[in-house]
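Chemist: Just dropping this structure here.
2 protein chains.
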Amino acid sequence: MSTDSLVEEALAGSPQALARLISLVEDGDPEGQAVLRALHPRAGRADLIGVTGPPGVGKSTLVDAWTASLRRGGKTVGIVAVDPSSPFTGGALLGDRVRMQDHSTDPGVFIRSMATRGHLGGLAPATADVAKVLDAAGYDVIFIETVGTGQAEVDVVGVGDTVVIVLVPGLGDAVQAMKAGIMEIGEAFVVNKADHGDADRTVAEITMLLHLNPDRGDWRPPVVKTVATSAQGTDDALAAIEAHRRFLVANGLLERRRRDRRRAEILRVVESKARDRALDLIRRGGRLDELAERVYRGELDPSTAADELLTESAQSPQSAQSPPSDANRQS
Amino acid sequence: MSTDSLVEEALAGSPQALARLISLVEDGDPEGQAVLRALHPRAGRADLIGVTGPPGVGKSTLVDAWTASLRRGGKTVGIVAVDPSSPFTGGALLGDRVRMQDHSTDPGVFIRSMATRGHLGGLAPATADVAKVLDAAGYDVIFIETVGTGQAEVDVVGVGDTVVIVLVPGLGDAVQAMKAGIMEIGEAFVVNKADHGDADRTVAEITMLLHLNPDRGDWRPPVVKTVATSAQGTDDALAAIEAHRRFLVANGLLERRRRDRRRAEILRVVESKARDRALDLIRRGGRLDELAERVYRGELDPSTAADELLTESAQSPQSAQSPPSDANRQS
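Taken in sequence, the protein lines are chains A and B.
Mind the numbering: the first sequence is residues 1 to 331 in the working numbering, read in order.
Mind the numbering: the second sequence is residues 332 to 662 in the working numbering, read in order.
What follows is the structure in C-alpha cells.
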C-alpha cells in the first residue's frame, strides 16, 4: 500500500494503518520522512504529557487510571511507552504489558511501545515523531511514559508540554530523582502507593527540594498523593496536570515552548543531514582507510585526518551541495 | 602557561600539568584539540580496562585493590571515574570518594572523576580523550570505571580493551544486567561481595546467561568471585583480565580493535565538525527564525525547512568549504 493511502486510512481511523505509519516513522527511513511531511500540518492540537520516575513506582497503572478518566470525559488517548534503559533488549518487556489487553477493544485508545534500537537521531526525536503522528491522527491527549531517571529519560519526557514525575513514599527516591536531574524538569509530582510508608513525609521532602531550585518561574509544581491501583487521588493528579496546561496557555508559554521546539526540531534535522551527507561523501571518497591507518600508526591525529576528509569531500564532484570549481580548489 | 609547556611538564611527570591538560581536553575547546594532537603519537601503549556494573556492587573498592596490586608489581595506574547517570549534578559525588586520599601521595596513580556536563560530542568520546591523555602521559594501566547499566555506561566502558562487569550475589542483578545489555559486552565477570548470599549460584547464573549468547567468538568470559574489601580473589580477577588481553594480542584482535577505534574516532570528529559547520552557517544566515515560524504554523515541515537551510548555507559566501560560484547556484 502506498504511503498516501496509509495516511488516508490512518486519518480515517484505522489503527492498523496508524501502526504501520508509526513503524515507518520510527525506522527513520525516507518513507517515514514523507509521512511526517504529510502529517505535519495536522499536528499541534494534542496535549502532550511526559511521565517518568524510577522503575516500579506504578507509572503504567497511573497512566491507565488517567486514560480511563479521560475516556469517560469523551477524550481519546494515545500512549507512547519508551524504555531507554534497555539498549539491547529494546524495551520489548513493555510490549507485553497486561494493559494492552484492557484497552485493545477501545478505538479511542492507542498504545505504542517503543524499542530503543535503530533511532539514529536519538530516542527523544524518534519519540517526538511518534507523538506527532498520534497528534495528527487526532488523539486528544498523548502520554509519553518512560521508565527510569537518566539523561535519556529526561530528554524523552521533555517532548511533553507538561512533565510529571512519579515517586513513591521513601526518602531515597526523591533524592535519587534529584541526583538524576529529574526534579528540575518536573512540573507536577505524584507520590503513588501513598497507602504504603510515610507519604506525607515524601510530599514534604519533594516540596522542600523544589524550593531549592530558584529557576522555576511563576509555576509551583503541585505534589499529589495517589493510590493508582484503586484510582484514589488520580483525578486530583490529572487536574493538577491540566492546571499546568492552563497556566502555560494563559502565560503564552505553550506557544513559546512549541515554537522553540519546532526550531530545535529543524536544527536537529539539519545536524543529522549535514552529518549523513559528510559521512556519505567520505565513505564514497575512499581515503578513510588510508588516513585511519596513519592515525593508528600515530603519524596523524584524528582531528587533522577529519579536516583532510572534510576538505576533500567538499571538493568532491559527488557533493550535491558544492560542485567542483577552480574557486573551490583554491580555498 | 602555554599549551606546549603544559604538555612538556605533564610528560615530565607533573600531576598538576596533567590535570590541567585533562580539563582542556574535557571541555572540548580548541586548546584541548591542540593537546590531543600533540599527545596522539605517544598514546596506544596503555592497557585500557573498562569496569561497570550496578551501583553499590563495590567497583571502586575492586579498582582500588587492583591498583594496589599493580603498584606492587611496579606498574603505574590511571583511573577515570565516570557517572553518566547524573546529568545535572555532573557526577560530583564521585569526586568526594575516600580513595582520592589513599593514593594522593602516590605519584604512580592518577585519579580523575568526570562530570557529565559539557561534553558536546558525547560522554564516551570525552572519556576516550581523557584516557588517551593518561595513556600518552605514560600510565601503564588505565581503568575506566562507570556507575550503572544504561546505554551511556555501555558506550563509556566500550573505550576499554577489556570490559569487566561487576555484580553481587543475587538473581536480580544478573538479569538486570542482561536486560540492560551489559552481559553482551562483558569479557570478564566479577561476583563481588562473595561472602554474602549465594555467590556460587550467581556465578552459575552468569555462566548460563553467557551461554545464551552465541556471538562471543573463541573467548569464554571468566567469572571470578571476590571480596574486594579484604582483597580476596582480586588477584585472580586481575589475572583473568590480563588473560583476556593476552588472548586479544595472540589473535591479532587488540590491533584490529584499536584500528577500528581510530577509524570510528575520525568519523566521530567528521560528524561533529560537519554538524557544527552547518549549524554555524545557518545561525549566521538568519533565515532560521522565519522558517521556524512557518514550521510552527504548519505551513512547512521540519525536514523541508532543514533542506532549504542546508542548500542556502552551502551557497553562502561564508562557507569556507564552498565559496560561491555560478556553478554552485545552479546545483
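Beta carbons: idealized from backbone N, C-alpha and C, even for Gly.
In the DSSP assignment, what are the bridge partners of Phe189 (chain A)?
Modeler: Numbered from its first residue, the first sequence carries residue 189 (chain A) at position 189. Its beta-bridge partners are A:Ile165 and A:Val223.
Chemist: Given a limit of 8 Å on CB to CB distance, which residues of the stretch 358-375 of chain B reach chain A?
Modeler: Hits within the stretch, in order: Gln364, Leu367, Arg368, His371, Pro372, Arg373, Ala374 and Gly375.
Chemist: Using only alpha-carbon positions, find the residue among A:Ala306, A:Val224, A:Asp301 and A:Val249 that is nearest to Asp195 (chain A).
Modeler: Working through the first sequence from its first residue, we reach residue 195 (chain A) at position 195. Ranking A:Ala306, A:Val224, A:Asp301 and A:Val249 by Cα distance to Asp195 (chain A) puts A:Val224 first.
Chemist: Report, in whole angstroms, the separation of the C-beta atoms of Ala34 (chain A) and Thr3 (chain A), which I expect to be a contact under 8 Å.
Modeler: Counting from one through the first sequence, the residue named residue 34 (chain A) turns up at place 34. Counting from one through the first sequence, the residue named residue 3 (chain A) turns up at place 3. Contact holds; Cβ gap of about 5 Å.
Chemist: Does chain A have any CB closer than 8 Å to the CB of Ser634 (chain B)?
Modeler: As a working mapping, residue 634 (chain B) is identified with position 303 in the second sequence. So yes, Ser634 (chain B) belongs to the interface.
Chemist: Are three or more beta carbon pairs between the stretch 582-593 of chain B and the stretch 552-571 of chain B nearer than 8 Å?
Modeler: In short, these stretches do not touch, since the Cβ pair count stays below three.
Chemist: Can you tell me whether Ser303 (chain A) is buried or exposed? The criterion is at least 16 other CB atoms within 10 Å of its CB, across all chains shown.
Modeler: Numbered from its first residue, the first sequence carries residue 303 (chain A) at position 303. It counts as buried.
Chemist: For the beta strand (DSSP E) holding Asp378 (chain B), just list the boundary residues, first then last.
Modeler: Counted from its first residue, the second sequence places residue 378 (chain B) at position 47. That run of the beta strand (DSSP E) goes Asp378 to Gly384.
Chemist: Going by DSSP, what residue range makes up the beta strand (DSSP E) through Ala412 (chain B)?
Modeler: Taking the second sequence and counting its residues from 1, one reaches residue 412 (chain B) at position 81. Ala412 (chain B) -> beta strand (DSSP E) spans Val408 to Val413.
Chemist: Roughly how many angstroms lie between the CA atoms of Val488 (chain B) and Val494 (chain B), to the nearest whole one?
Modeler: What you label residue 488 (chain B) is simply residue 157 of the second sequence in a count that begins at 1. What you label residue 494 (chain B) is simply residue 163 of the second sequence in a count that begins at 1. Their backbone Cα atoms lie some 6 Å apart in a straight line.
Chemist: Taking only beta-carbon positions, decide if Ile266 (chain A) is within less than 8 Å of chain B.
Modeler: For the purposes of this step, residue 266 (chain A) is identified with residue 266 of the first sequence, where counting begins at 1. So yes, Ile266 (chain A) belongs to the interface.
Chemist: Among A:Pro15, A:Ile49, A:Met1 and A:Glu184, which one has its Cα closest to the Cα of Thr146 (chain A)?
Modeler: Start at 1 with the first residue of the first sequence, and residue 146 (chain A) comes out as number 146. If we check each option's Cα against that of Thr146 (chain A), A:Ile49 comes out closest.
Chemist: Using a Cβ cut-off of 7 Å, pull out every chain A residue sitting near Gly629 (chain B), in sequence order please.
Modeler: What you label residue 629 (chain B) is simply residue 298 of the second sequence in a count that begins at 1. Those are His40, Pro41 and Gly44, listed as they occur along chain A.
Chemist: Closest to Asp460 (chain B) by CA distance: which of B:Gly363, B:Leu342 and B:Asp471 is it?
Modeler: Against the second sequence, residue 460 (chain B) aligns to sequence position 129. With distances taken between Cα atoms, Asp460 (chain B) lies closest to B:Gly363.
Chemist: Within a Cβ cutoff of 7 Å, which residues of the same chain sit near Val63 (chain A), ignoring the five residues on either side of it in sequence?
Modeler: Position 63 of the first sequence, counted from the first residue, corresponds to residue 63 (chain A). Within the same chain, Val63 (chain A) has close Cβ partners Val51, Ile79, Phe143 and Glu145.
Chemist: What's the C-alpha gap between Leu10 (chain A) and Thr642 (chain B)?
Modeler: Here residue 10 (chain A) refers to the residue found at position 10 when the first sequence is read from its first residue. Here residue 642 (chain B) refers to the residue found at position 311 when the second sequence is read from its first residue. In the sequence as displayed, the identity of residue 10 (chain A) is Ala instead of Leu. Answer to the nearest angstrom: the Cα atoms are 33 Å apart.
Chemist: Would the stretch 596-604 of chain B and the stretch 233-246 of chain A be scored as touching if the rule is three or more Cβ pairs under 8 Å?
Modeler: Cβ pair count under 8 Å is below three, so no.
Chemist: Under 8 Å between C-beta atoms, does Arg257 (chain A) make it to chain B?
Modeler: Taking the first sequence and counting its residues from 1, the one referred to as residue 257 (chain A) is at position 257. Output row for Arg257 (chain A): interface = no.
Chemist: At a CB-CB cut-off below 7 Å, which residues of chain A make contact with Lys604 (chain B)?
Modeler: By one-based count along the second sequence, residue 604 (chain B) stands at place 273. Those within 7 Å of Lys604 (chain B) in chain A are Ala306 and Leu310.
Chemist: Which chain A residues are close to Ile613 (chain B), counting only those with a beta carbon under 7 Å from its beta carbon?
Modeler: Position 282 of the second sequence holds residue 613 (chain B). Residues of chain A passing the Cβ test: Val270.
Chemist: Look at Gly384 (chain B) and Lys524 (chain B) and say whether their C-beta atoms are less than 8 Å apart.
Modeler: In the second sequence, residue 384 (chain B) corresponds to position 53, counting from 1. In the second sequence, residue 524 (chain B) corresponds to position 193, counting from 1. Not closer than 8 Å, so no.
Chemist: Would you list, in chain order, the members of the stretch 546-559 of chain B that have their beta-carbon closer than 8 Å to a beta-carbon of chain A?
Modeler: Those residues of the stretch 546-559 of chain B that come within reach of chain A (Cβ to Cβ, closer than 8 Å) do not exist; the list is empty.
Chemist: Rank B:Ala399, B:Ala645, B:Arg587 and B:Ala412 by C-alpha distance to the C-alpha of Met445 (chain B) and give the top, closest one.
Modeler: Residue mapping note: residue 445 (chain B) aligns to position 114 of the second sequence, counting from 1. Checking every option, the nearest Cα to that of Met445 (chain B) belongs to B:Ala412.
Chemist: Find out if the Cβ-Cβ distance for the pair Val464 (chain B), Val356 (chain B) is shorter than 8 Å.
Modeler: Counting from 1 along the second sequence, the entry for residue 464 (chain B) is found at position 133. Counting from 1 along the second sequence, the entry for residue 356 (chain B) is found at position 25. The answer is yes: Cβ separation under 8 Å.
Chemist: I'd like the list of long-range same chain contacts for Pro456 (chain B), defined as Cβ closer than 6 Å, with 5 residues on each side in sequence excluded.
Modeler: Against the second sequence, residue 456 (chain B) aligns to sequence position 125. Correct list, in chain order: Arg599.
Chemist: To which residues of the same chain is Arg71 (chain A) closer than 8 Å at the C-beta, ignoring the five residues directly before and after it?
Modeler: As a first step, residue 71 (chain A) must be located in the first sequence, where it is residue number 71. Here the set comprises Val77, Asp106, Gly108 and Val109.
Chemist: Between the alpha carbons of Ala574 (chain B) and Ser354 (chain B), how many angstroms are there, rounded?
Modeler: Mapped onto the second sequence, residue 574 (chain B) falls at position 243. Mapped onto the second sequence, residue 354 (chain B) falls at position 23. Each residue's alpha carbon lies about 33 Å from the other.
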